[in-house]
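K.L.:
The sequence shown begins at 3 in the numbering used here and counts up one residue at a time. Cβ atoms here follow ideal geometry from the backbone N, Cα and C, with glycine treated the same way.
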Amino acid sequence: MDLVDASNNSKLQKYGKACIEFSEERLISDSEVKISLIGGISLSKRTLILGSSLLLLALLMIPASAQVFDWDHTWGSANGEDRALGVEVGGDGSVYMVGYTTDIPNGFGGVDAFIAKFDSDGNLVWDRVWGRKGTAERFRKLVITRDYIYVVGESYDGNNASIAVFDQDGNLLWDKDINLYALYGQLAGGVAYYSGYLYVAGTAFPGGGSRNYIFILKYDLKGGKLIWFKKIYKADADLYYADLSGSTMRGSRLIVDKDRIYIPFSINVEEGGYGGGIIALDQDGNLKWSKQYWARWTALASDGEYLYLMSKGGGGNELPRVYKIDNSTGNLEWCRHIEPIKSKTYFEDVYVADDGVYVAGYLALTLSDSILLKLSKDGDLIWAMKYYNDSTGDHAYGLAITGDDILMVGTTSEKEMIVENIEEIEIFEACAVDVQRYPVDVVDISEYTLPDSACTAKDPIANIDNPQKTVDAYIFHGIDTPDLRALVRGMDDKIYKNIYHELGGWHGWEKLPGTTPSG
Numbered sequence: 003m004d005l006v007d008a009s010n011n012s013k014l015q016k017y018g019k020a021c022i023e024f025s026e027e028r029l030i031s032d033s034e035v036k037i038s039l040i041g042g043i044s045l046s047k048r049t050l051i052l053g054s055s056l057l058l059l060a061l062l063m064i065p066a067s068a069q070v071f072d073w074d075h076t077w078g079s080a081n082g083e084d085r086a087l088g089v090e091v092g093g094d095g096s097v098y099m100v101g102y103t104t105d106i107p108n109g110f111g112g113v114d115a116f117i118a119k120f121d122s123d124g125n126l127v128w129d130r131v132w133g134r135k136g137t138a139e140r141f142r143k144l145v146i147t148r149d150y151i152y153v154v155g156e157s158y159d160g161n162n163a164s165i166a167v168f169d170q171d172g173n174l175l176w177d178k179d180i181n182l183y184a185l186y187g188q189l190a191g192g193v194a195y196y197s198g199y200l201y202v203a204g205t206a207f208p209g210g211g212s213r214n215y216i217f218i219l220k221y222d223l224k225g226g227k228l229i230w231f232k233k234i235y236k237a238d239a240d241l242y243y244a245d246l247s248g249s250t251m252r253g254s255r256l257i258v259d260k261d262r263i264y265i266p267f268s269i270n271v272e273e274g275g276y277g278g279g280i281i282a283l284d285q286d287g288n289l290k291w292s293k294q295y296w297a298r299w300t301a302l303a304s305d306g307e308y309l310y311l312m313s314k315g316g317g318g319n320e321l322p323r324v325y326k327i328d329n330s331t332g333n334l335e336w337c338r339h340i341e342p343i344k345s346k347t348y349f350e351d352v353y354v355a356d357d358g359v360y361v362a363g364y365l366a367l368t369l370s371d372s373i374l375l376k377l378s379k380d381g382d383l384i385w386a387m388k389y390y391n392d393s394t395g396d397h398a399y400g401l402a403i404t405g406d407d408i409l410m411v412g413t414t415s416e417k418e419m420i421v422e423n424i425e426e427i428e429i430f431e432a433c434a435v436d437v438q439r440y441p442v443d444v445v446d447i448s449e450y451t452l453p454d455s456a457c458t459a460k461d462p463i464a465n466i467d468n469p470q471k472t473v474d475a476y477i478f479h480g481i482d483t484p485d486l487r488a489l490v491r492g493m494d495d496k497i498y499k500n501i502y503h504e505l506g507g508w509h510g511w512e513k514l515p516g517t518t519p520s521g
C-alpha cells in the first residue's frame, strides 16, 4: 500500500496487514491512501462547527453555556461537494472530522473519503484522503481510543462496507472491506469501542426480493480475532408491523456498555412512511429487547442510564423527535416533537452532556440554516440557535461535546466563514407527544390483544373513516410508540388496517387477507 505525501510527492512504502478475518464474508484489503495537504484550515475554541458543503467542509465551535460562537473553519475545494458526517474529540482535546470530498486536488478523482485532525485551538494538524481511482468512498463515523482512530463507511461505490484504522499521526495502519455479496451493496454506519473490543454495525442491501438486514460484529483488538458476527432481520429482532426492505443503519454512534450493545435502526413501515427504533443485544450478540417508534433516520446517544433516540423528520408525518428511553427495558420515558412553526426541520445527530441533550440539524427554509437545540433531560426545550450565512446550503450533520465546548460539523457553501449570523430561534415549539390524546375512545378488551400492544381496545363507533361500512374497530398503540393503529372488520368480512398520527390524521385504509379473529 502506498502513502503519497502531496507536499513533495515522495512515496512512503507502508504495508497494511490483514488483521481481521471473517468466516461469513470476504475481505478485500490494500486500498490506497493518499496524504493530501489541503492548505490552511484554522479552528479556534468553544463551540465548533465543522462543516462540509456543496463547496466546503466546515467546523464550528460554540460554548455550551452561553451559546456564543467562538470559531469555525472550512475544509475542501470548490470542485464539488464536500461533506463532514462525523466528529469526535480525543483525550488531549484534538478534534477529528470525517466525511467525503469530491474532485479535491491531490485526491483520487470523484468521491473520496477523508479524515482531518485539528488541535484544541482549531488548527489543522493533518488531513488524509482515502479511496480508489474510479470508485466512490465515504467515511461516516469514527471512534477514538488512546492510540488509534477507527473509522467506518463504504467503498467501491457503496458495494463494500469499510473499516480503516489510523494512528494519532495520521498513518494508515490497516483497512478492510467487508463484502457480504449483497447485490445492492453494504455500508458500515456505526462504530464503538469498549474494554478492548471494537464493534462495527451497518446494513446490507441484497436486492432480488431479499430483505435488507443489519449486520454487527465484535472484534477483539488485543487478541486480533473476530468474536462474533451477526445478521439481524425483522424476525430476529421481533419487530412489529415492519417491512425491513428499507432497513438501514446509515450513520450513528453505537452505544456499548458492559452488558449491552444498542443499535439504532430505520425501516420502511408497512402502512407507508418510515419507522425506526433500537435493538439491544447482550455482549454475546443475543437479542435482549427491541423497540419500534415512529422515527425516520435515527441517531442515538446515552448518559449511562437512559438512551436518547433522535428521529430526523422531514415534513408531513415524518416529524423531528427526541425520545428518552430506559436502557435496561426499552420503556419510553418521554417523546418530544420539536419544530419551528411552518417550517421543515431535519435532525441529524444527538449528544448527551451532563447538563442536557443537544440536537444538531438544519432548517429547510428558503436558505438552509444549521441549527443547534438544547433540551433538559426531562424533555423541556431550553434554547434553539441557528447559524447561517447569506448563501444556501448550510447543514449540520455531526455533533460532539467536550467540557464546555460543542463541536458541530456539516456542509456550507461559503469558503471563509460558515457563520455570519447567530441568533436564537424564538419560534421553536416543543410538543409533548401523549399517546392517549386521540379523537377516539379507547376501551380495554383482552379478546383482541395483539403482540407488543400496551393498549388494546374495541370501539364500534370509532370516529374514523369507514372502510366498506366498518362493523368493528380494534384500536391500539404499540408499547411506548406515539402513534395509534387501528384494525377494523368491514361489511365484506375483510380486515382493514390504518395508522393515525397526532398531527396528520388517519392514513388510507389497507385491506388485508383473511377475516377478523372472531369471524
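1) Below 7 Å between beta carbons: does that hold for MET410 and ALA398?
2) In terms of alpha-carbon separation, which member of ASN108, ILE265, ILE269 and LEU321 lies closest to ARG134?
3) Does the Cβ-Cβ distance between TRP230 and GLY191 come in under 7 Å?
4) Measure the alpha-carbon distance for LEU219 versus GLY204 and round it to whole angstroms.
5) For LYS314, which residues from the same chain have a beta carbon less than 6 Å from its beta carbon, with the 5 sequence-adjacent residues on both sides left out?
6) Going by the C-beta, is LYS143 closer than 6 Å to any heavy atom of the ligand ZN?
7) Could you tell me whether the Cβ atoms of ASP396 and SER372 are closer together than 7 Å?
8) With burial defined as no fewer than 16 other Cβ atoms inside 10 Å of the residue's Cβ, what is the status of LYS224: buried or exposed?
9) Measure how close the beta-carbons of GLY524 and ALA86 come, nearest whole angstrom, since I'm counting them as under 8 Å.
10) Three-state secondary structure (DSSP) at GLY204?
11) Starting from TYR102, follow its DSSP beta bridges and name the residues at the other end.
12) Between which two residues does the alpha helix (DSSP H) carrying ALA402 extend?
13) Evaluate SER197 with the Cβ neighbour count: other Cβ atoms within 10 Å of its Cβ, from every protein chain shown; 16 or more gives buried, anything less gives exposed.
14) Using only CA atoms, which one of GLY210, LYS376 and LEU189 lies nearest to GLY160?
15) Would you tell me roughly how many angstroms separate the C-alpha atoms of ILE384 and ARG252, rounded to the nearest one?
16) Just to confirm, is the Cβ distance from VAL359 to TYR310 under 7 Å?
17) In the stretch 133–182, which residue ranges form an unbroken beta strand (DSSP E) of at least 3 residues, counting only runs that do not cross its ends?
18) What does the alpha-carbon distance come out to for the pair SER33 and LYS178?
19) When we look at the beta-carbon of ARG142 and count the other beta-carbons within 10 Å, is it buried (16 or more) or exposed?
20) Let's test the definition: count the other Cβ atoms within 10 Å of the Cβ of LEU148 and tell me whether it reaches 16, buried, or not, exposed.
21) Quick one: does ALA301 have its CB under 7 Å from some CB of chain C?
22) Using the C-alpha atoms, what's the distance from LYS290 back to ILE115?
23) For SER370, which residues of its own chain have a beta-carbon under 7 Å away from its beta-carbon, when the five flanking residues on both sides are left out?
24) I'd like to know whether the C-beta atoms of ILE257 and LEU302 end up nearer to each other than 7 Å.
25) From the DSSP output, in three-state form, read off ALA239 for me.
26) Tell me SER372's beta-bridge partners as DSSP assigns them.
27) Apply the 10 Å Cβ neighbour rule to ALA282 and answer buried if 16 or more other Cβ atoms are within range, or exposed otherwise.
28) Return helix, strand or coil for ASP305, following the three-state DSSP convention.
29) Compare the C-alpha of THR76 against each of VAL91, MET99 and ASP94 and name the closest.
30) My output table needs one value for TRP230: the three-state DSSP class, helix, strand or coil.
31) So, for THR104: in the same chain, excluding its five sequence neighbours on each side, which residues have a beta-carbon less than 6 Å away from its beta-carbon?
32) Throw me the rounded Cβ distance for the LEU182 and ALA206 pair, which I believe falls under 8 Å.
33) Measure the alpha-carbon distance for GLU90 versus ILE403 and round it to whole angstroms.
34) Please determine, among LEU374, LYS119 and VAL352, the residue with the shortest C-alpha to C-alpha distance to TYR150.
35) So PHE110 is in the beta strand (DSSP E); what residue range does that whole segment cover?
36) With H, G and I counted as helix, E and B as strand and the rest as coil, what does DSSP make of TYR186?
P.N.:
In brief:
1) Residue 410 sits at position 408 when you count from the first residue of the sequence shown. Residue 398 sits at position 396 when you count from the first residue of the sequence shown. Contact: yes.
2) Here residue 134 refers to the residue found at position 132 when the sequence shown is read from its first residue. Considering only alpha carbons, the answer is ASN108.
3) As a first step, residue 230 must be located in the sequence shown, where it is residue number 228. As a first step, residue 191 must be located in the sequence shown, where it is residue number 189. In this structure, GLY191 does not lie closer than 7 Å to TRP230 by Cβ.
4) One-based indexing of the sequence shown puts residue 219 at position 217. One-based indexing of the sequence shown puts residue 204 at position 202. The straight-line gap from Cα to Cα measures roughly 9 Å.
5) Against the sequence shown, residue 314 aligns to sequence position 312. Cβ within range, chain order: ARG298, TRP299, TYR348 and PHE349.
6) With respect to the ligand ZN, the structure shown offers nothing to examine, as it has no ligands at all.
7) Along the sequence shown, one-based indexing puts residue 396 at 394. Along the sequence shown, one-based indexing puts residue 372 at 370. Yes.
8) Here residue 224 refers to the residue found at position 222 when the sequence shown is read from its first residue. It counts as exposed.
9) Nothing can be reported for residue 524, as the shown portion of the chain is limited to 3 through 521.
10) Your numbering for residue 204 matches position 202 in the sequence shown. GLY204: strand per DSSP, three-state reduction.
11) Translated into the one-based positions of the sequence shown, residue 102 becomes position 100. Answer is ARG85 and ALA115.
12) Position 400 of the sequence shown, counted from the first residue, corresponds to residue 402. Note, ALA402: premise wrong, no alpha helix (DSSP H); beta strand (DSSP E) at 397–404.
13) Working through the sequence shown from its first residue, we reach residue 197 at position 195. Classification for SER197: exposed.
14) For the purposes of this step, residue 160 is taken as residue 158 along the sequence shown, with counting starting at 1. Taking only the C-alpha atoms, the option nearest GLY160 is LEU189.
15) The sequence position of residue 384 within the sequence shown is 382, counting from 1. The sequence position of residue 252 within the sequence shown is 250, counting from 1. Their backbone Cα atoms lie some 29 Å apart in a straight line.
16) The sequence position of residue 359 within the sequence shown is 357, counting from 1. The sequence position of residue 310 within the sequence shown is 308, counting from 1. The answer is yes: Cβ separation under 7 Å.
17) 140–146, 150–157, 162–169 and 174–181
18) Here the question's residue 33 lines up with position 31 in the sequence shown. Here the question's residue 178 lines up with position 176 in the sequence shown. In this prediction, SER33 scores a pLDDT of 27, lower than 50, which makes its location untrustworthy; the coordinate-derived value is nonetheless stated afterwards. Their Cα atoms are separated by approximately 8 Å.
19) Taking the sequence shown and counting its residues from 1, one reaches residue 142 at position 140. With 16 or more Cβ atoms within 10 Å of its Cβ, ARG142 is classed as buried.
20) Here the question's residue 148 lines up with position 146 in the sequence shown. The question names Leu, yet the displayed sequence has Arg at residue 148. Exposed is the call here.
21) Going by chain labels, chain C is absent from the structure shown, which holds only one protein chain.
22) Position 113 of the sequence shown, counted from the first residue, corresponds to residue 115. Position 288 of the sequence shown, counted from the first residue, corresponds to residue 290. Strictly speaking, residue 115 in this sequence is Ala, with Ile absent from that position. Those two C-alpha atoms are separated by around 35 Å.
23) Position 368 of the sequence shown, counting from 1, holds the residue named residue 370. If we look at SER370 and ignore the five residues flanking it on each side, its Cβ neighbours are TYR364, THR394, GLY395, ASP396 and HIS397.
24) Numbered from 1 along the sequence shown, position 255 holds the residue referred to as residue 257. Numbered from 1 along the sequence shown, position 300 holds the residue referred to as residue 302. Yes, the Cβ-Cβ distance between ILE257 and LEU302 is below 7 Å.
25) Along the sequence shown, one-based indexing puts residue 239 at 237. Three-state result, ALA239: helix.
26) Numbered from 1 along the sequence shown, position 370 holds the residue referred to as residue 372. TYR364 and TYR389, per the DSSP bridge assignment.
27) Position 280 of the sequence shown, counting from 1, holds the residue named residue 282. Looking at its Cβ environment, which holds 16 or more other Cβ atoms inside 10 Å, ALA282 is buried.
28) Against the sequence shown, residue 305 aligns to sequence position 303. Note: ASP305 maps to coil in three-state DSSP.
29) One-based indexing of the sequence shown puts residue 76 at position 74. Out of VAL91, MET99 and ASP94, MET99 has the C-alpha closest to the C-alpha of THR76.
30) Position 228 of the sequence shown, counting from 1, holds the residue named residue 230. DSSP places TRP230 in strand when its eight states are reduced to three.
31) What you label residue 104 is simply residue 102 of the sequence shown in a count that begins at 1. The answer, listed in chain order, is GLY82, GLU83 and VAL113.
32) Residue mapping note: residue 182 aligns to position 180 of the sequence shown, counting from 1. Residue mapping note: residue 206 aligns to position 204 of the sequence shown, counting from 1. Right, the Cβ-Cβ distance comes to about 5 Å (below 8 Å), so this counts as a contact.
33) By one-based count along the sequence shown, residue 90 stands at place 88. By one-based count along the sequence shown, residue 403 stands at place 401. Approximately 8 Å between the Cα atoms of the pair.
34) The residue labelled residue 150 in the question sits at position 148 within the sequence shown. Minimum Cα distance to TYR150 is reached at LYS119.
35) Within the sequence shown, numbered from 1, the residue matching residue 110 stands at position 108. Element bounds for PHE110: n/a, residue is neither H nor E.
36) Here residue 186 corresponds to residue number 184 of the sequence shown, with the count starting at 1. Here TYR186 sits in coil by DSSP.
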